[in-house]
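Worksheet: the structure to be examined is printed underneath.
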Amino acid sequence: MAQTALSALGEFGLIDRLTKAFTIENASTKLGIGDDCAIVSYADKSDIVITTDLLVEGIHFDLMYCPLKHLGYKAVMVNLSDIYAMNAKPKQITVSIAVSAKFSVEALDDLYSGIALACKNHSVDLIGGDTSSSITGMTISITAIGEVKKDKAVKRSGAKPNDLICISGDLGAAYMGLQILEREKHVFTQTGSQSPKLEGYDYVLEKQLKPEARKDIVERLAKYKVLPTAMIDVSDGLSSELLHICKCSNVGCKVYTDKIPVNEDTARVANEFSIDTLTAALSGGEDYELLFTVDIADFHKVSMIPDVRIIGNITQQSEGAQLITAQGEKIALIAQGWNGFTE
Ligand code: ADP
Ligand code: MG
Numbered sequence: 018m019a020q021t022a023l024s025a026l027g028e029f030g031l032i033d034r035l036t037k038a039f040t041i042e043n044a045s046t047k048l049g050i051g052d053d054c055a056i057v058s059y060a061d062k063s064d065i066v067i068t069t070d071l072l073v074e075g076i077h078f079d080l081m082y083c084p085l086k087h088l089g090y091k092a093v094m095v096n097l098s099d100i101y102a103m104n105a106k107p108k109q110i111t112v113s114i115a116v117s118a119k120f121s122v123e124a125l126d127d128l129y130s131g132i133a134l135a136c137k138n139h140s141v142d143l144i145g146g147d148t149s150s151s152i153t154g155m156t157i158s159i160t161a162i163g164e165v166k167k168d169k170a171v172k173r174s175g176a177k178p179n180d181l182i183c184i185s186g187d188l189g190a191a192y193m194g195l196q197i198l199e200r201e202k203h204v205f206t207q208t209g210s211q212s213p214k215l216e217g218y219d220y221v222l223e224k225q226l227k228p229e230a231r232k233d234i235v236e237r238l239a240k241y242k243v244l245p246t247a248m249i250d251v252s253d254g255l256s257s258e259l260l261h262i263c264k265c266s267n268v269g270c271k272v273y274t275d276k277i278p279v280n281e282d283t284a285r286v287a288n289e290f291s292i293d294t295l296t297a298a299l300s301g302g303e304d305y306e307l308l309f310t311v312d313i314a315d316f317h318k319v320s321m322i323p324d325v326r327i328i329g330n331i332t333q334q335s336e337g338a339q340l341i342t343a344q345g346e347k348i349a350l351i352a353q354g355w356n357g358f359t360e
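Each residue of the sequence shown is one higher than the one before, counting from 18 in our numbering.
Right, here's the structure in full:
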């Protein structure tokens, strides 16, 4: 397909082209793109939650193996995941981009098609942003706005001793997906081979390239009438997120290693790379699952929620953060986030 230089459209032509397909879905969006500001209006009985993420080429994403449509989708998902982690529903986003002349108009069309799909899947309105040129590469900053019933936002700080620790989905897959992509990139740069071996790795690749923020889990928590005492999304690995909850809540925790959910494909790939499966689950990042604590009185209700597992319990702070192995051995939980893991 012919590639059009960004300079051919000019800033306003480009903004028009990228945003014209977006429509407004939410009543709380009073004014979308096109003025100096967007206008949002929420009911008095709501609290509003706001979050921002900055993604920098070469630091947070590698365009050698991340297609731009996927990048657009993922950039929105990482923000929506933070909104869901507050027990809120995302309603609006703004998207700001800085791009160098190496990108074509068609490349940005791809990026925005991923953003549009993410907005559609999660009923979110794109209400503004900013556009700039850059000297090298691409930077994307997204801000998401969400709504939650007044005083029902779930913070990291509410966990208390005896609460149950719960996790959605399974862990470590996105990290193993990244290992596959890095391996094939290495093969390509060493040999020029244009045929990456990606067959049979669908599950882990999808978790890495097309993560899905857990809207469904927040909906199920409401349906089963479970209000978590604390919640966080798993972007940096389970250990690191658990330690955030412990620190913010002034508590300790006990997590049973044999209860930590790992998909069998993740375990198979970890084995192929001689990476300990538990290490991938604890320290691999970008799972975007929800980690939360619930009062012990909610045990029956939370046990019934599909795709949620209880992996341990909150303890007194003096007991520290501990992993308990299948043999009953106690290991101190240490923060080893995604970055520490790869360096
Ligand atoms: P201003 O000069 O007030 O910053 P702009 O000309 O940059 O306005 O933007 C015009 C409109 O387009 C505004 O509503 C702005 O929020 C929106 N906008 C600009 N860049 C983007 C973008 N990359 N994605 C989505 N909306 C954008
Ligand atoms: Mg502007």
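All residues carry an ideal CB built from backbone N, CA and C; glycine is no exception.
Just so it is clear, the structure is predicted and the values come from calculations on it, not from any experiment.
Can you list, in chain order, the residues of its chain whose CB lies under 6 Å from that of residue i, leaving out five sequence neighbours each side?
{"i": "residue 225", "result": "191, 194, 195"}
{"i": "residue 361", "result": "There is simply no residue 361 to check, as the chain begins at 18 and stops at 360 in what is shown."}
{"i": "residue 327", "result": "181, 183"}
{"i": "residue 177", "result": "none"}
{"i": "residue 272", "result": "328, 329, 340"}
{"i": "residue 290", "result": "196"}
{"i": "residue 157", "result": "72, 92, 114"}
Near residue i, what residues of its chain come up, given a Cβ to Cβ distance below 7 Å and the 5 sequence neighbours on each side ignored?
{"i": "residue 49", "result": "41, 55, 142, 144"}
{"i": "residue 351", "result": "256"}
{"i": "residue 263", "result": "269, 270, 338"}
{"i": "residue 279", "result": "187, 188, 189, 294, 298"}
Let's test the definition: count the other Cβ atoms within 10 Å of the Cβ of residue i and tell me whether it reaches 16, buried, or not, exposed.
{"i": "residue 360", "result": "In this predicted model, residue 360 has a pLDDT of only 37, less than 50, meaning its place in the structure is not dependable; the value taken from the coordinates is given anyway. Exposed: under 16 other Cβ atoms inside 10 Å."}
{"i": "residue 114", "result": "buried"}
{"i": "residue 169", "result": "exposed"}
{"i": "residue 69", "result": "exposed"}
{"i": "residue 315", "result": "buried"}
{"i": "residue 51", "result": "exposed"}
{"i": "residue 321", "result": "exposed"}
{"i": "residue 203", "result": "exposed"}
{"i": "residue 20", "result": "exposed"}
{"i": "residue 288", "result": "exposed"}
{"i": "residue 208", "result": "exposed"}
{"i": "residue 60", "result": "exposed"}
{"i": "residue 28", "result": "exposed"}
{"i": "residue 88", "result": "buried"}
{"i": "residue 347", "result": "exposed"}
{"i": "residue 344", "result": "exposed"}
{"i": "residue 36", "result": "buried"}
Tell me where the beta strand (DSSP E) around residue i begins and ends.
{"i": "residue 330", "result": "325–333"}
{"i": "residue 149", "result": "142–150"}
{"i": "residue 163", "result": "155–166"}
{"i": "residue 349", "result": "347–349"}
{"i": "residue 269", "result": "268–273"}
{"i": "residue 98", "result": "Premise fails: residue 98 lies in the alpha helix (DSSP H), 85–101, not in any beta strand (DSSP E)."}
{"i": "residue 320", "result": "Where residue 320 is concerned, there is no enclosing beta strand (DSSP E), although the alpha helix (DSSP H) it sits in stretches over 316–320."}
{"i": "residue 70", "result": "63–73"}
{"i": "residue 400", "result": "There is no way to answer for residue 400, as the model of the chain reaches only from 18 to 360."}
{"i": "residue 361", "result": "Not covered by the structure: residue 361. The range shown for the chain is 18 to 360."}
{"i": "residue 31", "result": "No beta strand (DSSP E) contains residue 31, which is instead part of the alpha helix (DSSP H) from 27–36."}
{"i": "residue 181", "result": "181–185"}
Could you pull out every residue in the same chain whose Cβ sits closer than 8 Å to the Cβ of residue i, ignoring the five residues on either side in sequence?
{"i": "residue 118", "result": "22, 23, 24, 150"}
{"i": "residue 201", "result": "82, 213, 214, 215"}
{"i": "residue 349", "result": "337, 338, 339, 340"}
{"i": "residue 305", "result": "94, 95, 98, 191, 228, 229, 230, 231, 250, 251, 252"}
{"i": "residue 319", "result": "181, 183, 241, 243, 311, 325, 327"}
{"i": "residue 357", "result": "Confidence at residue 357 is low in this model, with a pLDDT of 37, below 50, so the placement of that residue should be treated as unreliable; the coordinate-derived value is given next. Only 300 meet the Cβ criterion."}
{"i": "residue 122", "result": "20, 21, 22, 23, 25, 26, 31, 34"}
Along the chain, where does the alpha helix (DSSP H) containing residue i start, and where does it finish?
{"i": "residue 129", "result": "122–138"}
{"i": "residue 248", "result": "Here residue 248 belongs to no alpha helix (DSSP H); instead the beta strand (DSSP E) covers 247–250."}
{"i": "residue 46", "result": "No alpha helix (DSSP H) holds residue 46; the beta strand (DSSP E) holding it covers 46–48."}
{"i": "residue 196", "result": "190–208"}
{"i": "residue 298", "result": "294–300"}
{"i": "residue 342", "result": "That residue, residue 342, is in no alpha helix (DSSP H); it is neither H nor E in DSSP."}
(Q) Using a strict less-than 7 Å threshold between each residue's beta carbon and the heavy atoms of the ligand ADP, what residues do you get? (A) 28, 29, 32, 35, 36, 50, 51, 52, 53, 55, 111, 112, 113, 114, 143, 145, 146, 147, 148
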